[in-house]
Each structure stands twice: as structure tokens, then as C-alpha cells.
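These notes concern the structure reproduced below.
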Amino acid sequence: MIQTPFSTSWTWLNGDLPPPLFGFVLHPGLAFAGLALVSIPIIIHLLNRRRFRTVQWAAMDFLLQAMRRNRRRMRFESLLLLITRCAVIGLLGLALARPLGCGDTALARVAGRVAGLHVIILDNSASMAYRYERDGAATHLEHARILASAVITRLGETGDQMGALVTAASPARAVIASPTYELSSVLTAIDATPQTARSTDLAGALERAVEIAADAEGLPRTLHVITDGTTSALADTQRLAEAARRAAESYRIFWHNLSAPGQSNQAVLQVRPDDALVRRGFDTSFFAALQRFGGTPSETLLSWRLNGQSVGGSQPVTPTGEAQSVSASEPTLQDALMDGQAHVLEASITGGDGLPLDDVRRRVVEQVRDLPVLLVEGGRSSGSFGSGEILSMALQPGRDAGYVEVTRISDLELAGRPLGDYRAVVLAGVGNVAEPTAQALADYVQGGGTLMLWLGEAVTADNYNGVMLPRGLLPGPLVQRVNAPEESLIGYDFDPQNVHPYLAAFSGTERSGLDVGAIRLYWRIDLGDNAAADVVLRYLPAAQGQSSDPAVTTHRLGDGRVLLVTTAAGDPEWTLLPLRENYVAFVHELLNHAVGETSGGGLAWQTLEVGQELRVPPALAITGEPELVSPGGTGIELRREIREDGSGVWASPPLEEPGVYRLGVGDRGSPVAVNMPAGESDVRPLDEAGVRAALGDVEIVFMGDELPADSLAADEDRADFGWSLLAAVLLLAGLECFMAMRLGRHRR
Amino acid sequence: MAESDVYQKYLDPRALARVKSLELRTRQVVEGFVSGRHRSPHQGSSVEFAQHRQYAQGDDVRHIDWKVFGRSDKLYIKQFQEETQLQIVLVVDASESMAFGSVKGEDGSTWTKYDFATTLAATLAYMAIAKSDAVGLAIFDQTLARYFRPSATTGQWRTVITELQAVPRWNKTGTGKILEQLASKIGRRSLVILLSDFFDDPAGLKRGLRALRFRKHDVICAQLLDPQEIDFPFEDITMFKGLEEAGELLTEPRALRQGYLQVLGEFTDQLKRICRGMNIDFTRFNTGDSLDVPLSAFLAQREAMLARA
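These protein sequence lines map, in sequence, to chains A and B. Taken in order, the first sequence gives residues 1321 to 2068; the numbers are from this note's numbering. Taken in order, the second sequence gives residues 3 to 311; the numbers are from this note's numbering.
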């Protein structure tokens, strides 16, 4: 609480410094102006003494006699009037400056009107669309609007209150960022707050509220957080706790939780194929991840649709509290996929819960028949055996075998090669990469390509660290070559029960070939604090006490991906891995996942969440200006963004509507699936202890959907004496008029 | 416009201020006043029939009543009882304070208290002489500047007019002393009409009035005050420069107004008490008002005096 002269403790009288004027009035400038203008009556008085008219007068004796009799009275009256007039102006300035006093004094209760800033955080995220399963029930957001409107309406009755509004759908937005006395505009904004399908950004909303508080220094401030308080909304605990701590320093926080402990929801959280790439000739199963949040599990029906057409019948499922993957029971689903075309795969469950938005989930998939790969060899021995020979055979065992179509070239042939023709480029033991070649590779990856790097004997740290690393083609500098101890091999730190998603195919496999020593030599790479580098596999420490070095890493670069294997592809002096039984599967899994996660490969850019922007990858051949149409048929304007490297990308505004959008590029069309953020499906509310813990144990007043009746007039509120002083000014002005008339100082 | 309103314009100070000649101004007042009373100043007679008496040798044949002779063949003459001739002395204050005036004429000329006094005096003189009263005139400031014995001749009115038109010297006032002088100068019992603002020492004034009353004169005190002196309507800060060397005062008139009016009221009350104590009529006139009020008052006073005589 800000100390003021009206505080009961009066500590500033006990030797402490008095509170600054800025903490005493809202508008110190007006207070100073009022004090300065006090001199006006005195100046007018002095000027009048210098400016007078002259009258020849006969009855002078009477005048002098009257003067002698009334001199003292006239002086007293003049002084009284002067003081009154000065006081009127001074108090007027002070009143306009809005002096504030602590509300716990009797004076404040009698004279002051409660003033303050009330900021409302209105959660309009997807989970606020929850509706109880009864006829005529309103959604949480509709309740929230009513409650927020009631809060604002109450403000108009309690004094001079300012309002502001922040919406909590991600990203949080200050709808009314400047505190306003126009409460009707706040009401209008509340009514106009849309129900979104976005996730919750409560931390951001609190940060916006703290920014707004800066505009109301010295005023009592109240923050009304109206939300459903779900688990997902309070998940970002570290940032949230920090934001809550700062908000608690600026506001008294009322936490209105509109959810009920018994509310429940079941949702389709994910739709995915079990392979990173759906390949012709390889059986791929499609899974839907289902989960029930709260309530008792009950049977529902799962249906699959492809491009809007039902595939097979509905299958009964019973989502439980744990996420469960349910595969499509229709085996011909993959047969319906046409090679090279994007399809919208949709899994839905029958409704009956409070949040229908997440009862359906869509994904854009394609089936790949050919995966063109450019394999670049760094060194070739006599004949045709080079540094990529074994890798080439692993990727494409025969001329017509498999889906990977390998083009093997020497590093001398790489310069000027059109990389856009390949889904992936593999450098196998390429020792010296020229600057233009490195730049071409970087551009290729930025545009959505996949680069797989295998090191080896020819590789030099100076060249890679000087050419590849600055362009982001390495996750960190190459430090040194590490040799296996004499007569032994280095193994992988591989746990079949805890594998990286790239190696999901080996999950639970006991004899995967990755669990025995196979490496003789590798490059140690220093990832440092590169958080973007994802370590897929590590080596076991070469000796006790040594660090566990990365064996396989992957990182994103632009719209593409780089996958680094720190040993050689097939050089027996470096690795014996090709001799292991799962070598072929190993390299395919790495390639599939790397390609599948790039915009140029897996169509991941065509499956988005609400609130994300659609960014059309540069690798996509576009013959005209792209057009985007929403599920409702509304055209959405795309903007052209130019990157630092000069390449351009078409981008949409954040997409708000869940469903299937159509992207038209020239004479072709492509679907874009937009889903509700999966995190919003967990509608189970946290209890008070959970909320308090998530907010860093700051002081909160927990409310339901009722108004904080007593709290609005709580003792901590400081009263605004502005109106009372204004009333005093009017009284003084009236007194001045009365005195002027009574004392003969008025014009007749 | 009603007839009474027509004649009022001849008595309005704002209209009279335009007339520079006191004689013309006086005639205008008389015309206006008499028209208002519906009586001609030329009607009536100054003598009244008393009885018939048989003609005797030496009687003026102009007084023989020929109508009686025609009926009775005897000569009778008409005997008339001559109206008691009243002697009026008009005493006009010509001190500097009488030069004050705030009433503006229709042409912008100023109507002072002295203008009001001289117009009133000339009118009274005219009407008195018309009724065969003898009229005297005294003009004074701190000295008795001019004094003319009462006379009923028509030339007397011309004299009065001439003297009243003369520009005064605008000296200070010495009313009491002057009245004492006048008391000794006026021989026969007279009606003394004192026209002044009486801005003077009340004690001296009292002595002068007592001297007049001691000589059995009937006295009318007419205090002439300007509207500004009565209302004191000033608003802004004003420098008052006193006439008759009374000094100056810079003050806020709005604050002083109440006190001034109180002092003025007290002074007027004191004058009234003095006059009442000596059986003297005292009336205060606003020089901004029409002249018919004081004229009517004076005529009523004259009738009362004649009745007493």
C-alpha cells in the first residue's frame, strides 16, 4: 500500500521523509498549476489598484467619514475575500489533480469516492467454449462476458473508476490498453470478445496487465482474471509465476474460476501415420490418439475420413485418462492415397462432451513413391568403391528396390548441381566443402531440403568449422577425432526402452545392432549451449570419466533439416555398423524422419494449429500468386515476406478457424489442416492450491462467478478526494458570491 | 400619450438641461406645470370683491358699478379687498459642491444641482410675481454674493433671472453665517426658501435657521442631491476628488457604499431633526426627478402660509 498523508500510520510524521507529491495526487501537474494560479486574484487585485477612474465628488465629507468608520472592516473583508478566491483556485487545481487518500480513514470514508483501475483478463481460449451438458447451458466465455460486464457496470456505481481489457487467447492482447473512464467502451469490447480456438497465454495476459498498470501509478488497482483455470492454461509455470509475481506487485488479484470440478472432455489429440513417410509398397498404419479428461470413461465411436469421404465404418472406442493410440481398422486406407498428392486424413469421435472443437482432428498426408536422394562422395578409391558406396547400397538395395532413388556423384560434381530436384542431399565423407557449395547447401536446406552429413577420414575440422558451421549446417564445431581404445569398439548409448522418436522403429528391439560396439573412430562435436540441436543418439563414453559424445544429431535450419552422423558412412576404419543387421533400417529411419519433418518433404507445414501462420515453403513450385480460402469460404490475403537471404515466402495471418483451408498455387490446389491446440482439451481445472502454486504463491482472492462484493470497497482502496474537493470549491465559490454581495463587493 | 405625460417632458431635467436660457427654461417649466394642474397662470384676479358703497365725490369713477346704476339709478362703487401680498425670499446656494451633477441631458449636457436650484428658483419667482407676491433673491457661497430685496414688480423677475444666470464663483460654503446675515436683512416677515445641498456644518446651519425663525420668517429647506449622491452607484475602484478642497480618496466604492449611505442618512436625519425642532419644513429632492414635485410642495406651503395669515 502506498503511504499517503491520509494513512493512519503517519510514519512520515515520525521523522521519515514525507511521501512524494506524485504518490499523493494523480496529476501533479494540475496541482502545481493550481498552486501557481493562486496568485491570480492577488495580481488582479494589484492591477486594479493601478487602474481606476477619477470622479469629482461633492459629498466628500461623507465619504471620508464612512472610510474612517469602516477602514478596518473593509480591510478584513477584502483579505477574507482574497483568501477565499485564492482558496477557490488552489482547491480547484488540487481537485483536478485528484488527490488520493487511504480508504481506512474516517475522512476518506466520508469525503472520498473510491477510485481505481480495474483490469479484466478475459480468457477466450478454446477451452472457454466448454458448455455443460444440459439444455440452454452457456459456454464459459458467455458466462465470463456476463461476469466481466457486471464488474464493469458495478464500477460506474462506486466512483471514478477506469477500466481496461486483456484477452488471454494466445498471444494475449490488450484490447483496451490505455485505462479509460469510458466504461461503456470496455463493455462494448467485452461483448465483442470472440470465442477463439487458440491456446491460453495467461502469462502473456498478466504481462499485458502489468504494462497497463504503469498508466495508473498511485491508483488502487484491481485485476480480475476470468478464466476456466484449466491445467493447460497454467502449464507454463516458470514464466507464469514470474508474470504473476509482477502482477501481484501492481494489482490486487481476483481469480474468477468459471469451471466446475466435475467438467470433463474427450478429445482426438493427434492423427499420425506410424512411419515418418508414407511410402508406396510399405505398409503404414494410421493412428488416432484419444484421451478423456475428467469424468468416467464411456464408449464412443471413432470414424475416419479421407478428403471428406468416410473410409470404412465407425469403430467403438473408450477413451481413458491416459492417451491411447487407436489404429484405423480399415486396412485399405493407404490404398486410397494417391502418390504425390496431399490428402486430408481426419479422425473424429462422436460428441456428447462439453467441448466439441477437439472431437475431430485432421492431418495432411501424402504417399511417396520415389524419394530422390543425391549422395555425394568425398573420396573414391580405385574402381567404383567410394565413401558413399555402402550407404548407397543401404538406401537403394537394388535398381528398382525400395522407394529411395539414389544419385551418386563425386564432390567435384556438386558445384552447380540443381539441388532442388532432390528431397535429400547426403554428404558422405566429403572432406573439403567450398564456400559456394556450402552456400548452395545452406540455401537448399533453408528452402525446405534435408541434408544428411556423414563424416569420415577426409573431413577436416578447419574446413567444416570455417565453412559449414557459420551457415548453420553444423550444430557445433568439430573438436577432435576420437579413437576407440585398442582392440575395442565404441558402442552407442542405446536404451531400447527409451529411444528418440527418430529411432522409434527400434523401440523395444533387443537385438537392434545399436546395442553393441561398432565404432572405431568418430568426430567429437561441441554442442555447447545450442538448444536447437536435438541429439538422436550418443556414444558410450570411450573411457570412464569421459563425456558421452553425440553420435547423431538433428537440427532445423529454415524450413529444412540437417542430420549429422559423426562417424563415417561405410569406412571400416571408422565403423563396423554396416555389418550390423539393422544398418539398412537405421539409415532409412534417419532419412525418413529428417525428410518427414521438413517442409519440402513431409507436408508438416500443411498441418497447423489455430493461431499459427501458414508459410508456403519456397521449395514449392508456385506459378502464380497463392490464394488461401478458409473452411467457411472466406478468402484470406497472403503477404510476401522477404528473408535476409533474399528469398521470399508467402505467409498468412494467424489462422483462427479450425478446419480445412484450401491453398491455391497457380493451377493446383492443396489442403491445409488447422486443428485446435491439443493442450486446450484438458479441461480439468486446477484446485486453488494448484492455481496458487502455478502462480508462484502470490496473493490471490479466489472467486467463482460471483462479483467481489465486499472487496471492491475493501479498506485497501484509496479514496479519491477530487470530487469532494470540487464540492468544497463550489461551496467556497458560493460563499465568495455571498460574501461579495453581503460585503458590497459585487457588481449590481 | 396621456396629457399628463405630455407636460411631464417639460419638467424632466434631462429635457430642461438642453435649454440654456434660464428664462426659457422657466417658462417651459411654468407651462408644463400649469398645464398639468389644468389652470392658467393668467386666470383669476389678484383682488376680491368686498361690498358696494354709495359714490362720494372724489371716488375713482372706474370703480362705479354701472350695472347697479342701470337697475337703481344710484351710483355705487365696488369696494375690493386687496389679497394679502406674500413676501418670498429665494436663497440659492452657489458653492462649489452645487456644481456637481451626474444627470445628462438629451444632448449630453450636464444637469447640476445648481441648474436644478436656479430653475426651481426662477420658476417659483415667476409664479409668485404672477400672484402679486413680492420675491427677493439671495445667492451665496461662503459670502452673500448677491441679495435683492423682495419686490412684486415684473422687473423683479427679470432681475432674478439675470442674477441666477450669472456664473457663480464656486467657492466653499458658509450657510449658517449667511443665513444669520439674511435674517437681519429681510425686514418683513417672509417665506424663505433655502435651496442647497447643505453640505456644511450642521451646527452653523442650525444657528442660521434659528436666526431666521427668530425673525418670524417661515422657512423651507430644500436639500438638493444628485442621484449619484443618493445611490452611490460606483462599481470599480475610483479616485474621488473632493470639491471645495475636500481632498481625495482612492477606494473600492462597492465596499464603501453601505457606509457612505449610512453617513448620508445620518446627516439627513440630523438636518430633519434641526428643522423639525424649529418648525421648518425640510424636503430632500433628487435633481434627477421632475420639477413638479418641489413646485407642488412650495405652492402647498404658500397656501398654508396665506391661510395662517
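Ideal Cβ placement from N, Cα and C applies to all residues, glycine included. Given the structure is predicted, the values throughout are model-derived calculations rather than measurements.
Exercise for review: Could you name the residues of the same chain whose beta carbon sits closer than 6 Å to that of G1335/A, not counting the 5 residues immediately before and after it, in chain order?
Suggested key: Since pLDDT at G1335/A reaches only 35, below the 50 mark, its modelled position is unreliable, and the value read off the structure follows with that caveat. Excluding positions up to five away in sequence, the list is empty.
Review point. Using the rule of at least 16 other Cβ atoms within 10 Å of the residue's Cβ for burial, across every protein chain shown, is E2036/A buried or exposed?
Key: Residue confidence for E2036/A is low, a pLDDT of 44 falling below 50, so the modelled location carries little weight; the figure read from the coordinates is stated next. Counting Cβ neighbours within 10 Å, E2036/A comes out exposed, since fewer than 16 surround it.
**Study point:** Assigned exposure category for E1686/A - 16 Cβ within 10 Å defines buried
**Key:** buried
Review point. In terms of residue numbering, what span does the beta strand (DSSP E) encompassing D283/B cover?
Key: D283 to N288
Review point. Nearest-angstrom Cα distance between V1495/A and A1489/A?
Key: 12 Å
Review point. Using a beta-carbon distance cut-off of less than 8 Å, what residues from the stretch 1377 to 1406 of chain A approach chain B?
Key: W1377, A1378, A1379, M1380, D1381, F1382, L1383, L1384, Q1385, A1386, M1387, R1389, N1390, M1394, E1397 and S1398
Check your understanding: Do the stretch 123 to 139 of chain B and the stretch 96 to 113 of chain B touch if we need at least three Cβ pairs shorter than 8 Å?
Key -> no
Review point. Does A96/B get closer than 8 Å to chain A when you measure Cβ to Cβ?
Key: no
Exercise for review: Verify the CB distance criterion: does V1486/A have a CB-CB separation below 8 Å to chain B?
Suggested key: no
Practice item. Spell out whether any CB of chain A is found under 8 Å from the CB atom of E314/B. Key: Residue 314/B is absent from the model: chain B starts at 3 and stops at 311.
Point to revise | Those residues which DSSP pairs with S1645/A across a bridge | key: A1609/A
Check your understanding: Are any of the Cβ atoms in chain B nearer than 8 Å to that of F2058/A?
Key -> no
Practice item. Leaving aside the five residues before and after R1728/A along the sequence, list all residues of the same chain whose C-beta is less than 7 Å from its C-beta, in chain order. Key: L1695, E1697, G1708 and S1712
Review point. For K106/B, which of helix, strand or coil comes out of DSSP?
Key: strand
Exercise for review: Starting from R1373/A, find everything on chain B with Cβ-Cβ shorter than 9 Å and list it in chain order.
Suggested key: F236, D238, I239, T240 and M241
Check your understanding: Any C-beta of chain A sitting closer than 8 Å to the C-beta of T253/B?
Key -> yes
Exercise for review: From the DSSP output, read off the bridge partner residues of G1786/A.
Suggested key: Paired residue(s): none; G1786/A is not in a bridge.
Review point. Closest Cβ-Cβ distance between A248/B and chain A: below 8 Å?
Key: yes
**Study point:** Reference I131/B, options Q89/B, S104/B and K80/B, closest by Cα
**Key:** Q89/B
Review point. In chain B, what lies closer than 7 Å to R1369/A by C-beta?
Key: I239
Practice item. At 3 residues or longer, and completely inside the stretch 202 to 232 of chain B: list those beta strand (DSSP E) runs for me, N to C. Key: 220 to 227
Point to revise | Best match in A306/B, P296/B, A302/B and R304/B for proximity to V31/B [C-alpha to C-alpha] | key: P296/B
Review point. CA-CA distance, T1887/A and A2014/A?
Key: 45 Å
Exercise for review: Could you tell me the distance, in whole angstroms, from the CA atom of G1615/A to the CA atom of G1641/A?
Suggested key: 9 Å
Practice item. Please classify A1278/A: does DSSP put it in a helix, a strand, or coil? Key: Chain A is shown only over 1321 to 2068; residue 1278/A falls outside these bounds and no answer can be derived.
Exercise for review: For R41/B, name the three-state secondary structure that DSSP assigns.
Suggested key: Confidence at R41/B is low in this model, with a pLDDT of 42, below 50, so the placement of that residue is unreliable and no value is reported for it.
Practice item. Report the three-state DSSP secondary structure of F1352/A (helix, strand or coil). Key: helix
Review point. With respect to the beta strand (DSSP E) encompassing N1585/A, which residues constitute its N-terminal and C-terminal limits?
Key: N1585 to P1593
Check your understanding: Among G206/B, A213/B and D117/B, which one has its Cα closest to the Cα of R191/B?
Key -> A213/B
Check your understanding: So what's T1500/A in DSSP terms, helix, strand or just coil?
Key -> strand
Review point. Start and end of the beta strand (DSSP E) containing K243/B?
Key: T240 to G244
Point to revise | Host alpha helix (DSSP H) of I1409/A (start-end) | key: M1380 to L1416
Point to revise | Beta-carbon spacing of G1483/A, I1472/A below 8 Å | key: yes
Point to revise | Neighbour list for Q225/B in chain A, Cβ cutoff strictly below 9 Å | key: None at all; the shortest Cβ gap to chain A is about 12 Å.
**Study point:** Which listed residue (Q1654/A, F1382/A, T1542/A and S1630/A) has its alpha carbon closest to that of D1603/A
**Key:** Q1654/A
Point to revise | As assigned by DSSP and simplified to three states, the class of T114/B | key: coil
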